[in-house]
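These protein sequence lines are chains A, B and C, in that order.
Residue numbers for the first sequence follow numbering that gives the first Met the number 0, beginning at 0 and rising by one.
Residue numbers for the second sequence follow numbering that gives the first Met the number 0, beginning at 0 and rising by one.
Residue numbers for the third sequence follow numbering that gives the first Met the number 0, beginning at 0 and rising by one.
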Amino acid sequence: MALDTISFISDFGLSDESVGVTKSVIWAINPRVRIVDITHGIDAHDVRAAGLALARSAQHLLPGVVLGVVDPGVGSTRKAVCLEVGDGQSFLVGPDNGLFAPAIAMVGGATAAWILDNDEFHLPGIGSTFDGRDVFAPVAAHLSNGVPASAMGTPIDPALLMPGILPVAQTDDAGAIAAEVLWIDRFGNVQLNVDPSAVAGWPAVRIEGDQLSRAALAVDTYADITTGSIGALVDATGLLSLAVDRGSAAEEMGVHEGDQLTLTATEVGGRPIAVTLGPTQVNPQR
Amino acid sequence: MALDTISFISDFGLSDESVGVTKSVIWAINPRVRIVDITHGIDAHDVRAAGLALARSAQHLLPGVVLGVVDPGVGSTRKAVCLEVGDGQSFLVGPDNGLFAPAIAMVGGATAAWILDNDEFHLPGIGSTFDGRDVFAPVAAHLSNGVPASAMGTPIDPALLMPGILPVAQTDDAGAIAAEVLWIDRFGNVQLNVDPSAVAGWPAVRIEGDQLSRAALAVDTYADITTGSIGALVDATGLLSLAVDRGSAAEEMGVHEGDQLTLTATEVGGRPIAVTLGPTQVNPQR
Amino acid sequence: MALDTISFISDFGLSDESVGVTKSVIWAINPRVRIVDITHGIDAHDVRAAGLALARSAQHLLPGVVLGVVDPGVGSTRKAVCLEVGDGQSFLVGPDNGLFAPAIAMVGGATAAWILDNDEFHLPGIGSTFDGRDVFAPVAAHLSNGVPASAMGTPIDPALLMPGILPVAQTDDAGAIAAEVLWIDRFGNVQLNVDPSAVAGWPAVRIEGDQLSRAALAVDTYADITTGSIGALVDATGLLSLAVDRGSAAEEMGVHEGDQLTLTATEVGGRPIAVTLGPTQVNPQR
């Protein structure tokens, strides 16, 4: 069992030494492990955003250990945990605060879990404020060295882990979808919590929100969006997304992450939204 | 032929998982390849800025594959390409939108090129919006594994590739140089599209632009610039640059990337601008 | 003697190619060396901030070479230096401007030092503006290849190196501590230049500054801070730090790095500040 990669996500940012120190701690324990930075640009304490980023990444991550540190409750009674998925193919190490829940749900749940209460595998540390450096990183490094997860602490039932709170889109009797803005990427594209199959065959989508009513034409790709209009397409992680041509759809529509939108079919222009279904599809609501 | 390094430049930013996922895709195909991040901080869709950054970097990059993803036209009819330089010493993989043109021009042009139309070496992907992950990264990884570029698709004449649009400084009959601000670095230094040989021997340079008329004294290094004055020097990539002492010359002069400036010789102070010529000089206009 | 890691800190930022080019230079000289990015997010020219970040990192860095490039005096008469610590366990390479002084002081001082005046180990470079790429990076890479530091240039007495200017907290006869804000991290926690032993046993600390008078209760960890109040705790690097619950203490108190604060014992609530003493403690003032 080779766990030769640690994929690392955090809200540490890159403006100080936190990421560099954490990696130094890992390589001091396992000099040969590869560390892949998923991102450290999660907004401070934004467990929801980190959980969504992990879910979007999950199908492309290398087998091994995922180290996730977005931990507003450090030092509180929140548990420090290691989750096993795929019967030992990968492990996720971090706080039990719902951070891993969306990614775990995508792969059918955790097959085992442990509370990290064996401090033999922790750094002595200073204070009680940086479990990323003193608890999670060393545990991830020891796992990658082949120390069994069962050595890290007390087993717990995965069903007792903190669930993720992910909004599920609701379709009412009239066919209107109550949706939420999951994510706005750096280009201003607006990802919704909507499986494209829910709008399959709609030639266009009417988007309604607070002081907002716009039609989005179904397109295959950003380049198909005509200037001045909004396009609705299947994005790179398999969810419905709204975009404009070389600009920010979020700014154009005045929407933010977490906003509620109502989607209805409209006859205005465009051709039906094409849906790709299959084992590679990412859909954190499921 | 060892292509054991992939040098990676993009406009993905580091605030989400795009860079981490793209690297995971590469390492899944070639676990041993080294990935060097040139930068991912190019402004969204700024092909010109990325092309200039690549040109500034080119002489220091390791032999191997350059993966460039600044791709506002993803999903459009713009071609996805692989360019060969140095008869196989290095390959550049990305969109055919002029991104590679300045760097390619510096090394005397591409020796061969292919359209990436063999999807055997692509990821199946989701949607058509993330060719960086689904097309360019896997192609770069397979190249680094020793798969020949000719397997990636249909050969095309490099002369048919999209040219880069780089402003060339013009000297008029009176000796005045019509120049452009190529780049403002994070310290506020103002790089011009001017080969220092064009101002060799000038003791000082008068800089004129919109609401701007300032003299810049010729200096060898930032530390030679006296407080309150502007210095003109040969910067680290071999072009003429304007700077102030421990401050932002761009702010001091009120100039931005792309601004037009007129340069004339002036007798005010300083000593002649020294010019370094030789094989290491970088000059993207050539 | 294996110096197989280069730990790299700079003020280059990640928005351009400076970091990528510098790493390419290193790997061209030593393809096998591991480069750990401590951070490149130091504010431009902020030698004090970089010195503090290095001091906070020092005890966790891997043995090897530290490459530090925050160099406002590049091209001036400031010396380029290599410092040896631990009789050859590690080397620090960069400008002699006080950048390394706090970290060096923590390990008991440099055991030897050299001026980097042997340009056999430098890049020819262009201009005189980028010693990070042309001098410090190649020297660090050659050191990691096993070239002895004594080959890099002329030995100098470490006592002649530029000292760091670090504020030392002063306790007056009445027991009031004149302190300074050393660092505000990305979460808004306010690190003071105060060894927690100076406030050991205080149940709470009164913080007074310009238009500021607040009591901070002694807590063990962020999670113990009640909403609306300020907590005083031993932070992850062993210094006294002020924090609020899931928010920015710096914003809450209106303080900035470098601000002067007066600390006095107060009887209001809380329990005594617990102090961890021992070899792992970081205290840059010593």
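Built from N, CA and C at the ideal position, the CB exists for glycine as well.
Please work out which residues of its chain come closer than 7 Å, Cβ to Cβ, to Ala136(A), disregarding the five sequence neighbours upstream and downstream, and give them in chain order.
Here the question's residue 136(A) lines up with position 137 in the first sequence. The answer, listed in chain order, is Thr21, Val24, Ile25, Leu66.
Can you give me the Cβ contacts of Asp133(A) inside the same chain, cut-off strictly under 7 Å, excluding the 5 residues immediately before and after it?
On the first sequence, position 134 is the one that residue 133(A) refers to. Same-chain partners within the cutoff: His121, Leu122, Gly124.
Any heavy atom of the ligand FAD inside 8 Å of the beta-carbon of Asp258(A)?
For the structure depicted, the ligand FAD is absent and the ligand set is empty, with no information on it obtainable.
If you compare alpha carbons, which of Ala175(B), Gly131(B), Asp184(B), Ala197(B) is closest to Val207(B)?
Along the second sequence, read from residue 1 onward, the residue named residue 207(B) stands at position 208. Checking the sequence, you will find Glu at residue 207(B) rather than Val. Considering only alpha carbons, the answer is Ala175(B).
For the region 14-39 of chain A, enumerate the residues whose C-beta is nearer than 9 Å to any C-beta of chain C, in chain order.
Ser14, Asp15, Glu16, Ser17, Val18, Gly19, Val20, Thr21, Lys22, Ser23, Val24, Trp26, Ala27, Pro30
On the criterion of 16 or more Cβ atoms from any shown chain inside 10 Å, does Arg306(B) qualify as buried, or is it exposed?
Lying before the first or after the last residue shown, residue 306(B) is absent from chain B, which here runs from 0 to 285.
Does Ser17(A) come out as helix, strand or coil in the three-state DSSP assignment?
Counted from its first residue, the first sequence places residue 17(A) at position 18. Helix at Ser17(A).
Per-residue contacts from Val233(A) into chain F (C-beta, under 9 Å)
Within the model displayed, chain F is absent; protein chains A, B and C are what it includes.
Closer than 8 Å at the beta carbon, the chain C residues around His44(B):
The residue labelled residue 44(B) in the question sits at position 45 within the second sequence. Simply none; closest approach about 15 Å.
Would you call the region 218-235 of chain C and the region 73-80 of chain A in contact, with 3 or more CB pairs under 8 Å?
yes
Any chain C beta carbon closer than 9 Å to Gly269(A)
Looking up residue 269(A) in the first sequence gives position 270. Unreliable placement is indicated for Gly269(A), whose pLDDT of 46 sits below 50; the coordinate value is still reported in the next sentence. Judged by the 9 Å Cβ criterion, Gly269(A) is not in contact with chain C.
Per-residue burial, Glu83(C) [other beta carbons within 10 Å of its own, 16 or more giving buried]:
Translated into the one-based positions of the third sequence, residue 83(C) becomes position 84. With 16 or more Cβ atoms within 10 Å of its Cβ, Glu83(C) is classed as buried.
Taking the Cβ atom as the reference point for each residue, do Ala116(C) and Pro94(C) lie within a distance shorter than 9 Å?
Residue 116(C) sits at position 117 when you count from the first residue of the third sequence. Residue 94(C) sits at position 95 when you count from the first residue of the third sequence. The sequence shown places Asp at residue 116(C), rather than the Ala named in the question. Cβ distance not < 9 Å, so Asp116(C) and Pro94(C) don't count as in contact.
Distance CB(Arg185(B))-CB(Ala52(C)) smaller than 9 Å
If you number the second sequence from 1, residue 185(B) lands on position 186. If you number the third sequence from 1, residue 52(C) lands on position 53. In this structure, Ala52(C) does not lie closer than 9 Å to Arg185(B) by Cβ.
Any chain B beta carbon closer than 9 Å to Phe7(C):
On the third sequence, position 8 is the one that residue 7(C) refers to. Not closer than 9 Å to any Cβ of chain B, the Cβ of Phe7(C) fails to qualify, so no.
May I ask you to report which of helix, strand or coil DSSP gives Ile103(A)?
Looking up residue 103(A) in the first sequence gives position 104. Of the three classes helix, strand and coil, the one that applies to Ile103(A) here is helix, per DSSP.
What residue does the alpha helix (DSSP H) around Ala57(B) start on, and which one ends it?
For the purposes of this step, residue 57(B) is taken as the residue at position 58 of the second sequence. Counting along the chain, Ala57(B) falls outside any alpha helix (DSSP H), and DSSP gives it neither H nor E.
Cβ closer than 8 Å: which chain C residues qualify as neighbours of Arg286(A)?
Residue 286(A) lies beyond the residue range present for chain A, which begins at 0 and ends at 285; the question has no answer from this structure.
Val73(B) versus chain A: which residues are under 8 Å apart at the beta carbon?
Residue numbering aside, residue 73(B) sits at position 74 when the second sequence is read from its first letter. By Cβ distance, chain A contributes Thr220, Tyr221, Ala222.
Any C-beta of chain B under 9 Å from that of Ser240(A):
The residue given as residue 240(A) occupies position 241 in the first sequence. Cβ-Cβ to chain B under 9 Å: yes for Ser240(A).
Can you tell me which of Val218(B), Gly40(B), Gly131(B), Val80(B) puts its alpha carbon nearest to the alpha carbon of Val18(C)?
Here residue 18(C) refers to the residue found at position 19 when the third sequence is read from its first residue. Nearest C-alpha to Val18(C): Gly40(B).
Indicate whether at least one CB of chain A lies closer than 9 Å to the CB of Gly67(B).
Residue numbering aside, residue 67(B) sits at position 68 when the second sequence is read from its first letter. It does not: the Cβ of Gly67(B) has no partner Cβ on chain A nearer than 9 Å.
Chain C beta carbons: is any one of them nearer than 9 Å to that of Thr76(A)?
The count along the first sequence starts at 1 and reaches residue 76(A) at position 77. Yes, its Cβ sits closer than 9 Å to a Cβ of chain C.
Consider the Cβ of Thr4(B): report whether some Cβ of chain C lies at a distance smaller than 9 Å.
As a working mapping, residue 4(B) is identified with position 5 in the second sequence. Yes - at least one Cβ of chain C is within 9 Å of the one on Thr4(B).
Rounded straight-line distance, which links the Cα of Trp182(C) to that of Leu13(A):
Locating residue 13(A) in the first sequence gives position 14, counting from the first residue. Locating residue 182(C) in the third sequence gives position 183, counting from the first residue. Looking at the two C-alpha atoms, the distance is approximately 15 Å.
Give me the chain A residues within the contact set of Asp184(C), using Cβ-Cβ distance strictly less than 7 Å, ordered along the chain.
Residue numbering aside, residue 184(C) sits at position 185 when the third sequence is read from its first letter. Under the 7 Å cutoff, chain A gives Asp15.
Under a Cβ-count criterion, where at least 16 other Cβ atoms within 10 Å of its own Cβ denotes burial, should Val167(A) be classed as buried or exposed?
The sequence position of residue 167(A) within the first sequence is 168, counting from 1. Under this definition Val167(A) is an exposed residue.
If you draw a straight line from the alpha carbon of Gly97(A) to that of Thr110(A), how long is it in whole angstroms?
Counted from its first residue, the first sequence places residue 97(A) at position 98. Counted from its first residue, the first sequence places residue 110(A) at position 111. The alpha-carbon atoms of Gly97(A) and Thr110(A) are separated by roughly 16 Å.
Determine which residues of the region 183-210 of chain C have a Cβ less than 7 Å from any Cβ of chain A, and write them out in chain order.
Asp184, Arg185, Phe186
Could you compute how far the alpha carbon of His59(C) sits from the alpha carbon of Ser6(C)?
For the purposes of this step, residue 59(C) is identified with residue 60 of the third sequence, where counting begins at 1. For the purposes of this step, residue 6(C) is identified with residue 7 of the third sequence, where counting begins at 1. Answer to the nearest angstrom: the Cα atoms are 11 Å apart.
What did DSSP end up calling Val135(A) once you bin it into helix, strand or coil?
As a working mapping, residue 135(A) is identified with position 136 in the first sequence. The question names Val, but residue 135(A) is Phe in the sequence shown. Helix.
What is the DSSP secondary structure of Arg213(A), reduced to helix, strand or coil?
Counting from 1 along the first sequence, the entry for residue 213(A) is found at position 214. Strand, per DSSP.
Nearest chain C C-beta to Ala139(B) closer than 9 Å, yes or no?
Here residue 139(B) refers to the residue found at position 140 when the second sequence is read from its first residue. Taking Cβ atoms only, chain C never reaches closer than 9 Å to Ala139(B), which makes this a no.
Roughly how far, in whole angstroms, is the beta-carbon of Met105(A) from the beta-carbon of Ala27(A), given that I think they are within contact range, below 8 Å?
On the first sequence, position 106 is the one that residue 105(A) refers to. On the first sequence, position 28 is the one that residue 27(A) refers to. The pair is not a contact, with the Cβ atoms about 33 Å apart (cut-off 8 Å).
Return yes when the Cβ of Leu191(C) is within less than 9 Å of the Cβ of Leu232(C), no when it is not.
Numbered from 1 along the third sequence, position 233 holds the residue referred to as residue 232(C). Numbered from 1 along the third sequence, position 192 holds the residue referred to as residue 191(C). Contact: no.
Buried or exposed for Asp209(B), going by 16 or more other Cβ atoms inside 10 Å?
Here the question's residue 209(B) lines up with position 210 in the second sequence. It counts as exposed.
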